[in-house]
Amino acid sequence: MASLEVGMTTTTTIVNKQRSRITLPIESTGRTSCLFSFYKSPIQEYDNDIPYGYGVQLLLDKEIGGLRDETVQIEKEINSVGDSMSSKMNILQNKADDIGNVAGLSLEKQKEVLKGQSEALNGLQSLTQFQSKALEESRAVLQQLANFGHEQQEELLQRQEKLQQAHDHLVENSKSMLAAQGCNYILRYFFHLYNFWTWKGRKIHYVVQGEGSPVVLIHGFGASAYHWRYYIPELAKKHKVYAIDLLGFGWSEKAIIEYGMEGPGGGFLAGDCERASSFSWKQLDIFS
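Okay, structure coming up:
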């Protein structure tokens with residue numbers, strides 16, 4: 000009796016963020032063997048993920064249908080073998096009856112008949128076990144395919160959610176970016192040196208000009224270095240001037256917490272007084 004073994008492995012590969020290949024091989028020894036793979040077109044926008052998920056579902060449905068057809072075929076073949084074995088048993092029984100009617104059954108003949116019947120019963124038992132094992136493995140493969148499809152769908156939904164969050168973030172930042180467009184050109188024109196600090200995981204933009212003792216210019220609440228454009232050239236004649244873009248303005252990144260005027264320190268980050276009071280320009284290596 001041949002044994003039926005079914006295994007499944009899944010491999011997902013992303014190449015240069017331009018082409019994705021998902022390979023789902025189903026390897027087997029015995030009666031079934033199938034392999035399917037597909038390629039997804041380059042993703043330019045997150046909406047392309049929807050047809051990709053739909054294609055995955057179609058391929059999975061097709062493979063599940065193929066496995067069901069193969070299971071039906073296996074059952075037919077098993078039934079055919081069972082009928083053949085049953086027919087052989089009937090023949091043996093008929094022969095035994097003929098021998099008994101003609102001359103009586105001898106002990107040796109009776110042992111042979113019993114042995115044949117025992118072998119036939121063992122064969123049927125093995126066949127039944129094989130059929131049960133094949134059905135269990137088929138159900139396991141179908142369940143794994145269903146789980147894979149569910150995981151792919153969940154992954155697609157998560158990716159769509161992340162893309163939506165990124166889209167919302169871009170829309171929210173577009174206003175400040177548009178507001179800063181007017182001053183970006185002037186900043187590039189007046190200040191040939193501009194840099195970024197990284198503080199608490201956020202980039203703070205500043206411009207620097209001149210040589211000498213350092214002077215740091217921080218405008219009132221909600222300002223950027225653009226507001227100092229008329230003063231920096233004059234101050235830079237005697238000092239090394241730094242002009243700061245507050246978080247959320249100019250080229251600096253958006254603040255991770257909201258600004259407020261009611262918190263202690265007036266003008267620092269509301270609700271984060273301790274962090275604001277611990278801030279030091281020396282931590283940013285401004286005078287290095």
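Residue 0 is where the sequence shown starts when you use numbering that gives the first Met the number 0, and the numbers rise one by one after that.
Glycine included, every Cβ here is placed at the ideal spot set by N, Cα and C.
Per-residue DSSP class, three states only, for residue i
i	result
residue 106	helix
residue 242	strand
residue 201	strand
residue 83	helix
residue 248	coil
residue 133	helix
residue 210	coil
residue 117	helix
residue 67	helix
residue 223	coil
residue 228	coil
residue 235	coil
residue 253	coil
Residue environment, residue i, which counts as buried when at least 16 other CB atoms sit within 10 Å
i	result
residue 167	exposed
residue 241	buried
residue 90	exposed
residue 66	buried
residue 224	buried
residue 249	buried
residue 68	exposed
residue 82	exposed
residue 230	exposed
residue 60	exposed
Contact set for residue i: own chain, Cβ-Cβ below 8 Å, skip 5 residues either direction
i	result
residue 70	133, 134, 137
residue 252	201, 202, 203, 246
residue 236	209
residue 214	234, 238, 239, 240, 241
residue 197	203
Residues that residue i bridges to, as DSSP identifies them
i	result
residue 216	242
residue 194	205
Other residues of its chain near residue i: CB distance less than 7 Å, five sequence neighbours each side excluded
i	result
residue 96	none
residue 122	84
residue 141	63, 66
residue 77	126, 130
residue 161	none
residue 115	91
residue 86	none
residue 80	126
Nonlocal neighbours in the same chain, by C-beta distance under 6 Å from residue i, ignoring five residues either side
i	result
residue 216	227, 242
residue 289	Because the chain is modelled from 0 through 287, residue 289 falls outside the range shown and cannot be assessed.
residue 211	237, 238, 239
residue 244	204, 223, 224, 250, 251
residue 88	119
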